[in-house]
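Each number in my numbering comes from the position in the sequence shown (counting from 1) with 1 added on.
For every residue, glycine included, the Cβ atom is placed at its ideal position computed from N, Cα and C.
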Amino acid sequence: MVEKAVGISKAVFKKALEDNRRPAIGLLEYRNTPISGLGLSPAQLMFNKRLRTKLPISNKLLNPELFKDVNIKLLRPQQTQKHYYDRSSKILTELKPGDKIVVQNVKTKIWEPAVVLSKTKTPRSYKMKTLYGRVLVRNRTFLRLSKVNHKSYIDNVLDTLPDVTQVVSTPPQNVISTDAQTSISTKSGRNINRPNHLKDYVCY
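Laid out in structure tokens, this is it:
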């Protein structure tokens with residue numbers, strides 16, 4: 002409810018700036034608007050009465066009134082949400098140090114093997130070490146017990162990599178060697194070296 006109130010307040014300020022009006026008027030109307038599922042406005046919850054706005058209203062409706070069972074009305078929608086959430090959820094088993102698990106990579110969404118080191122002070126969080134030596138802290142939601150041998154997993158990954166020893170490099174074809182053309186001999190036998198700025202070109 003708090004996050005929703007902050008979002009609505011920001012929207013009121015944004016709309017007031019666009020229309021070049023006072024934000025206080027919009028906030029006043031928001032405080033006087035009944036909350037869905039409760040039937041009472043924030044002003045009624047705090048002051049036990051409605052606030053006078055620019056909208057016409059009977060004086061009788063502005064009289065203070067004591068509202069009962071407000072806490073029960075607030076808990077009712079929360080219990081309904083909890084009921085439907087618990088239907089599709091379950092309590093996850095607690096992990097122990099040394100358990101072989103798989104942890105979901107946040108970026109790639111791929112499950113990678115790891116080993117549990119210890120449980121942290123944060124609720125439902127564990128410290129683990131991956132096969133690559135990285136130490137991570139993850140919530141129990143992103144951890145699963147693994148029955149796969151981690152050594153065989155590494156072997157399977159290595160088998161999928163190309164064998165670099167079988168790669169044979171073939172020399173490029175039709176390449177003109179310019180090593181012999183680095184110097185030119187004249188009729189008298191004097192060597193003329195080619196300038197450095199022409200070393201990448203073939204001279205005829």
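Legend entry - For S189, the first and last residue of its enclosing beta strand (DSSP E): Position 188 of the sequence shown, counted from the start, is the residue given in the question as residue 189. In this chain, S189 is not harboured by any beta strand (DSSP E), its DSSP state being neither H nor E.
Inset, instruction - To the nearest angstrom, report how far apart F68 and L41 are at their CA atoms. - result: Within the sequence shown, numbered from 1, the residue matching residue 68 stands at position 67. Within the sequence shown, numbered from 1, the residue matching residue 41 stands at position 40. Those two C-alpha atoms are separated by around 9 Å.
Inset, instruction - Give the secondary structure of V165 by DSSP, where H, G and I count as helix, E and B as strand, and everything else as coil. - result: Residue mapping note: residue 165 aligns to position 164 of the sequence shown, counting from 1. Annotation note: pLDDT 48 at V165 (below 50); position unreliable, coordinate value reported separately. DSSP, reduced to helix, strand and coil, places V165 within a helical segment of the structure shown.
Legend entry - Cα-Cα separation between A115 and D100, rounded to whole angstroms: What you label residue 115 is simply residue 114 of the sequence shown in a count that begins at 1. What you label residue 100 is simply residue 99 of the sequence shown in a count that begins at 1. Those two C-alpha atoms are separated by around 9 Å.
Inset, instruction - Return the Cβ separation of Y127 and V136 in integer angstroms, given the expectation that the two are a contact with Cβ distance under 8 Å. - result: Counting from one through the sequence shown, the residue named residue 127 turns up at place 126. Counting from one through the sequence shown, the residue named residue 136 turns up at place 135. Between Y127 and V136 a beta carbon distance of about 11 Å is seen, past the 8 Å cut, so the two are scored as non-contacting.
Inset, instruction - Consult DSSP for V3 and reduce its assignment to one of helix, strand or coil. - result: On the sequence shown, residue 3 is found 2 positions in, with the first residue counted as 1. Correct three-state label for V3: helix.
Inset, instruction - Could you check what DSSP says for K15 in three-state terms: helix, strand or coil? - result: In the sequence shown, counting from the first residue as 1, residue 15 sits at position 14. The answer is helix: DSSP assigns K15 an H, G or I state.
Inset, instruction - May I ask you to report which of helix, strand or coil DSSP gives E95? - result: For this step, residue 95 is matched to residue 94 along the sequence shown. Residue state, collapsed to three classes: coil.
Inset, instruction - Compute the distance between the beta-carbons of S147 and V104, then report whether it is under 7 Å. - result: For this step, residue 147 is matched to residue 146 along the sequence shown. For this step, residue 104 is matched to residue 103 along the sequence shown. No, the Cβ-Cβ distance between S147 and V104 is not below 7 Å.
Legend entry - Entirely enclosed beta strand (DSSP E) segments - the region 29-107, minimum 3 residues: You should have 101-105.
Inset, instruction - Label Q45 either buried or exposed according to how many other C-beta atoms from any shown protein chain fall within 10 Å of its C-beta, with 16 as the threshold for buried. - result: Position 44 of the sequence shown, counting from 1, holds the residue named residue 45. Within 10 angstroms of the beta-carbon of Q45 lie 16 or more other beta-carbons, which makes it buried.
Legend entry - Cβ-based burial, M47 [other Cβ within 10 Å; buried from 16]: By 1-based counting over the sequence shown, the position of residue 47 is 46. Exposed is the call here.
Legend entry - Cutoff 7 Å; reference P196; Cβ partners in own chain excluding five residues on either side: Mapped onto the sequence shown, residue 196 falls at position 195. Once the five neighbours on either side are set aside, P196 has no close Cβ partner at all.
Legend entry - Cα-Cα separation between P43 and D87, rounded to whole angstroms: Position 42 of the sequence shown, counted from the start, is the residue given in the question as residue 43. Position 86 of the sequence shown, counted from the start, is the residue given in the question as residue 87. Cα-Cα distance, rounded: 30 Å.
Legend entry - Among G190, F143, G8, nearest to I111 - alpha-carbon criterion: Position 110 of the sequence shown holds residue 111. The option with the nearest alpha carbon to I111 is F143.
Legend entry - Nearest candidate by alpha-carbon position, reference L39, set S10, N72, E30: One-based indexing of the sequence shown puts residue 39 at position 38. Minimum Cα distance to L39 is reached at N72.
Inset, instruction - Taking K122 as the reference, give the member of G134, T81, I9, N140 with the closest Cα. - result: The count along the sequence shown starts at 1 and reaches residue 122 at position 121. Here the closest residue by C-alpha is N140.
Legend entry - C-alpha distance - G190 paired with K200, whole-angstrom precision: Here the question's residue 190 lines up with position 189 in the sequence shown. Here the question's residue 200 lines up with position 199 in the sequence shown. Whole-angstrom Cα-Cα distance: 22 Å.
Inset, instruction - Indicate the three-state DSSP secondary structure (helix, strand or coil) for K200 in the structure shown. - result: Against the sequence shown, residue 200 aligns to sequence position 199. Residue state, collapsed to three classes: coil.
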